[in-house]
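J.:
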Amino acid sequence: MTKWEYVTVPLLVHATKQILDNWGQDGWELVQVVPGLNPENLVAYLKRPIAGSGA
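So the sequence shown is numbered by our numbering: it starts at 1 and just counts up by one.
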């Protein structure tokens with residue numbers, strides 16, 4: 001069974017693609033983006049398999 005690790009990442013509206021591309025290069029997969037505490041902020045939830053967990 002695959003085990004996952006998760007991370008939340010603040011996203012800047014003007015640099016969203018660059019931020020997500022950087023995390024994606026490290027093996028993270030985007031799960032969801034939700035509004036942050038103010039209109040200029042978003043929060044991304046990402047996951048990736050834990051090494052050796054059957055992935």
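Glycine included, each C-beta is placed from N, C-alpha and C at the ideal position.
Is it buried or exposed, tryptophan 28, if we count other Cβ atoms within 10 angstroms and call 16 or more buried?
T.: buried
J.: When you compare only the Cα positions, how much space is there between isoleucine 50 and histidine 14?
T.: 31 Å
J.: How long is the line joining the alpha carbons of serine 53 and glycine 36, rounded to whole angstroms?
T.: 32 Å
J.: Under DSSP, the alpha helix (DSSP H) around asparagine 41 begins and ends at which residues?
T.: Run containing asparagine 41: none in the alpha helix (DSSP H); it sits in the beta strand (DSSP E), 41-49.
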